[in-house]
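Note sheet for the following structure.
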Amino acid sequence: MCRIGAVKSKVPIHPSKALHLMLPQQEGHDNSGFAMVMQDLFGIFSGYKDKPLLSLACTQQGAHLVEDYMDSHNFVQLAEWIPVPDKKPNLDIKAMPYYIFRNYDYPEHVDTKEAREELLLDTRLALRKILDDSGEGYVYSFWPDVLTLKEIGDPRDIATYFRLWDDNGCLVARNIIAQCRQNTNYDIVRYAAHPFFLQGYTLCANGENTFFTKNKEFQKSLHRGYIGYESDSQNFLYTLHYVLHELKWPINYYKHVITPLPFEELETREDKDVLLAIRQSLANLEINGPNTIIAGLPDGRMMTCCDSKKLRPVVLGGDDETVAISSEVCGLNEILPNRDTTKDIYPNEREVVMIGNDLEVTRWKQ
Amino acid sequence: MEAIKVQDIAVNDLPWRIEYDASRCTRCGSCVAGCTFHAIEFGVRRQSMTVSKENTPMPEHTQVAVTVVKQSSDLKNACRGCGMCERVCPNDAIRPVRNPDSRKTLLSRDNGPIKRGGRTNLNAQRTLDKIIVGRISQMTDPSLDAARHTFDIRAPFGRVLSAKELPFTLSGGQLKMKKRVPPVKWIYPLIFSDMSIGALSTRAWEAIALATAYLNEKCGLPVMMSSGEGGMPVKLLESKYLKYFIIQIASGHFGWNRIIKAMPHMVTDPGGVLIKIGQGAKPGDGGLLPAEKVAEHVQAIRGVPKATLSSPPNHQGLYSIEESVQKMHLSLNAAFGFRVPVAIKCAASSTSVAVYNNLLRDPYKICGGFFLDGIQGGTGAANEVSLDHTGHPVVSKIRDCYLAAVKQGLQGQIPLFGGGGIGMTGNAAADAFKMICLGANGVFVGKILIQLLGCVGNENGRCNACNTGKCPTGICTQDPRLVKRLDVDRGAQKIVDYVLTFDQEMRKLMAPIGNSSLPVGRSDALVSTDKAIADKLGIQYVC
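Order-wise, the sequence lines are chains A and B.
Add 149 to a position in the first sequence, counting from 1, and you land on the number used in the working numbering.
Add 63 to a position in the second sequence, counting from 1, and you land on the number used in the working numbering.
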């Protein structure tokens, strides 16, 4: 089972905070990798919050291919951060030669929000194809104010390699969603590591998506961005994106799509016509296995919810400055030892818990 | 020495031979009276015996004439192997035995094509038994508890819109339905298939109808029953129970005069309408009800004289799929105010995918289900050449149709129901579950229902006399004496009990794969021990 976690803070935090949240939860095959998505960036990215940030890991040849593509598509580079790794001996990491985080300005003619969203996605998909075809690297996200890092190995060593333990103020953000484990179901590939990212939506999930085949077969024809499927947890992200971004339904309907109410319960609801219509139209997006989801929305809010049988754990807790979500409470105890634990929330199987940008926590039942 | 006339039919030419033990027989006559086919009769046989009539042994050899039960060698009266004689004999003196050297198939064609009931005896192979539910939740995720978890064993029946087509408006953060959408009912994924009053005795039809109502009213299982072509009793049409019935319209339109006349008096809508284009047992043929079975009450329900009722192979006046959709679907939808799902039933065929694709693209969104009937489906009467040599297995065809929908992102929009051979071995739940994993939303069954009522026919040539009007179990006959053999209440109870067990078995199959909703299209849950089947269906081959 993957352990997943997220930290949302009023003050920017270092990735080490997320690592401290995750490491106490280690069991068995856990901690065979590290992946995180940082949103609402500060530090060296402070000046470019409205400019798309490309996160990629590649070879030198891959970097050239990306540069060529970006140049030929009128993206103007504004800033770049290439971490200088600490290449201590005996680190457990399967590092790529280069990690590039680069801000671009939009091409001149693209000026609406919608057009920019589509362009950023198309660009990421094009870069991914170029790097896939050549086998020269991986591109994780291309979005304003979002940075993604994924690597295979021991999370402690990965952090050492990227100097994440230094807390030097260079790499900080208000929102970090993290996961410390590689997928066990399929081949170990970087794209299979949560969190997954698509057009502002970030998601990681612990669990087994028993409706993976159904989800995948349906999602493949829903949107050009629904690709990969290296992990059965990607389906959760694509459904979140589909419900909120494509259908433009309110967030409270996401839970109704992935874990619809049983027919008996539906019958007793005032809004049964709507819920039944959703259940039958999106039957192929139902998630029927055990899972917990932690998601970040484009506006910075975070949410969590569970499967309908409550087979996977999750807990949320915090104080006035920081709220965190974690698979297991030991993670919270590590980074927020002084919080009021009586206010910890263990969401039930029908519940969605949302952390607002002012750290106000709201919860509702589907 | 008498010349042997080899063209004469002898009992050893027949598919079943009567094994008779004269020494056990008391000549009570029960077997002869019970044989509806006149396959046995009393006769006299010369018998050489050694008897002693005195107080002391005085053996004396003599020739006596004894009455015995003899098998008729007439092809028309050939034993069907139904075993009623054995069932009724108090002394175990008689039973039918299969004759592997039968020449009946060869010799029975003097008066045109052989007709019979039942299902194919030639293509009864079992693809589904070569498929195993092989993806079990072990450690990666927990299996569910079949006894304690809530399971949603329901199938949509009706046209499902894509999410983007749903007429939602947003008001105060809530979605509201702006206008009506096509009717969709969530029904039990096991549909009682279309067997008409006429093909079945009224009592047998009534038993299935009773079971349907009981399952709905008392057991909470929304099982639907299709009327078959031939209408329904007016009392039922005008009752509240009509909602459990799918009224069928087939090419002969039998019974629709009464249905239309009853419409103003209906207190509820029917559960659905099923347009029968074809059936798996005799694809390309219309319904066939031999005159022998067109009794007075059948004449009354159907509004016909006593004559063989041959429905045409096609709905007259339809010349294309598009026109069929527009004309038949639209008019039948309109007949019930667009409140009732209208589905279509076709014989499985190499062309099924094309048909399904056409229905999926229907701009009116009025096709509420696609029923595919495979070659192993049953019938009350058909030409044997059709039964055994025409048709298409349903398993791969359901899969093909599902994958065709997947390719277009339209899966689930027109629910798929598969039938024809479901439950052939008695294990309908396993069959249904595998069909569902392959992409069916549900299954329909017919033969197994009458087998539960007492039908002894099978795909190995036993009985299959549904067309003769002489059904020995009172199920497929209109002869009032024979119909009395059927206990309606016990028959209905048998069906109810079977479906309740079916429901439990579905849970026992869903629980180990960790699903509480039906795993429609979850082909990853299946594996096959047959490479060719695995390849064809796109599932994992295992050995």
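For each residue, glycine too, the CB sits at the ideal point set by N, CA and C.
Buried/exposed call for residue i, threshold 16 Cβ in 10 Å
| i | result |
| --- | --- |
| A/Trp513 | exposed |
| B/Met258 | buried |
| B/Met202 | exposed |
| B/Ile323 | exposed |
| B/Cys91 | exposed |
| A/Val233 | exposed |
| B/Gly400 | exposed |
| B/Thr119 | exposed |
| B/Val605 | exposed |
| B/Arg161 | exposed |
| A/Ile231 | exposed |
| A/Gln209 | exposed |
| B/Ser383 | exposed |
| B/Leu169 | exposed |
| A/Asn317 | exposed |
| B/Phe496 | buried |
| A/Ser457 | buried |
Cutoff 9 Å: residue i Cβ touching any chain A Cβ
| i | result |
| --- | --- |
| B/Glu238 | Per the sequence shown, residue 238 of chain B should be read as Leu rather than Glu. So, interface residue. |
| B/Glu228 | yes |
| B/Leu284 | no |
| B/Gln603 | no |
| B/Arg585 | yes |
| B/Ser591 | no |
| B/Asp215 | yes |
| B/Leu224 | yes |
| B/Pro353 | no |
Coil, strand or helix - residue i by DSSP
| i | result |
| --- | --- |
| B/Val286 | coil |
| A/Asn324 | strand |
| B/Lys339 | strand |
| A/Phe224 | coil |
| A/Tyr402 | helix |
| B/Cys148 | helix |
| A/His372 | coil |
| A/Phe385 | helix |
| A/Ala473 | strand |
| B/Asp463 | helix |
Residue i at chain B interface by Cβ criterion, 9 Å
| i | result |
| --- | --- |
| A/Pro344 | no |
| A/Pro409 | yes |
| A/Asp448 | no |
| A/Phe191 | no |
| A/Gly182 | no |
| A/Thr417 | no |
| A/Val423 | yes |
| A/Glu300 | no |
| A/Thr359 | yes |
Any non-hydrogen atom of the ligand MG closer than 8 Å to residue i Cβ
| i | result |
| --- | --- |
| B/Ala218 | What this structure holds is no ligand at all, so the ligand MG is not there to describe. |
The region 370-401 of chain A: positions lying closer than 7 Å to chain B by Cβ: Residues Ser370, Leu371, Leu396, Trp398 and Pro399.
Positions along the region 425-443 of chain A whose CB lies within less than 8 Å of some CB in chain B: Those would be Leu425, Ala426, Ile427, Gln429, Ser430, Leu431, Ala432, Asn433, Glu435, Asn437, Gly438 and Pro439, in chain order.
Inter-stretch contact at 8 Å, needing at least 3 Cβ pairs: the region 581-600 of chain B / the region 537-552 of chain B: Contact between the region 581-600 of chain B and the region 537-552 of chain B is absent, because fewer than three Cβ pairs lie under 8 Å.
The region 209-219 of chain B / the region 569-577 of chain B touching (three or more Cβ pairs under 8 Å): Look at the beta carbons and you see the region 209-219 of chain B touching the region 569-577 of chain B: at least three pairs across the two are nearer than 8 Å.
Residues, ordered as in the chain, of the region 457-480 of chain A that lie near chain B by beta-carbon distance below 8 Å: Those would be Ser457, Lys458 and Leu460, in chain order.
The region 535-542 of chain B contacting the region 576-584 of chain B, beta-carbon criterion three pairs below 8 Å: Too few Cβ pairs lie closer than 8 Å, so no.
Selection of the region 557-584 of chain B by Cβ proximity to chain A, strictly under 8 Å: If the cut-off is 8 Å between Cβ atoms, the region 557-584 of chain B has Ile576, Gly577, Asn578, Ser579, Ser580, Pro582, Val583 and Gly584 near chain A.
Inter-stretch contact at 8 Å, needing at least 3 Cβ pairs: the region 361-378 of chain B / the region 325-334 of chain B: No: fewer than three Cβ pairs fall under 8 Å.
Selection of the region 375-404 of chain B by Cβ proximity to chain A, strictly under 7 Å: Listed by position along the chain: nothing, the set is empty.
Meets three-Cβ-pair contact criterion under 8 Å: the region 517-527 of chain B and the region 182-200 of chain B: Verdict: yes, contact present.
At least 3 beta-carbon pairs within less than 8 Å: the region 198-209 of chain A vs the region 358-376 of chain A: Taking one beta carbon from each stretch, the region 198-209 of chain A and the region 358-376 of chain A have fewer than 3 pairs nearer than 8 Å; the two do not touch.
Cβ contact (3+ pairs, closer than 8 Å) linking the region 366-385 of chain B and the region 478-492 of chain B: Flag = no, the region 366-385 of chain B and the region 478-492 of chain B do not touch.
At least three beta-carbon pairs within less than 8 Å, the region 227-236 of chain B to the region 247-254 of chain B: With a cut-off of 8 Å on Cβ pairs, the region 227-236 of chain B is not in contact with the region 247-254 of chain B, counting fewer than three such pairs.
Cβ contact check for the region 340-355 of chain B and the region 402-420 of chain B: 3 or more pairs under 8 Å: Two segments are said to touch when three or more pairs of C-beta atoms, one from each, lie closer than 8 Å; by this definition the region 340-355 of chain B touches the region 402-420 of chain B.
Contacting positions in the region 197-208 of chain B - beta carbon closer than 8 Å to chain A: The region 197-208 of chain B vs chain A, Cβ under 8 Å: Ser200, Thr203, Asp204, Pro205 and Leu207.
Chain A contacts from the region 169-201 of chain B (Cβ-Cβ distance under 9 Å): Residues Arg198 and Ser200.
Stretch pair the region 216-225 of chain A + the region 265-280 of chain A: three plus CB contacts closer than 8 Å: Yes, the region 216-225 of chain A touches the region 265-280 of chain A.
Cβ contact check for the region 446-461 of chain A and the region 494-508 of chain A: 3 or more pairs under 8 Å: Under the 8 Å Cβ criterion, the region 446-461 of chain A counts as touching the region 494-508 of chain A, having at least three qualifying pairs.
Residues from the region 487-511 of chain A in contact with chain B, defined by Cβ distance under 8 Å: Per Cβ criterion, the list is empty.
Within 8 Å of chain A by C-beta, residues of the region 532-556 of chain B in sequence order: Only those residues of the region 532-556 of chain B whose C-beta falls short of 8 Å from the nearest C-beta of chain A would be listed, and there are none.
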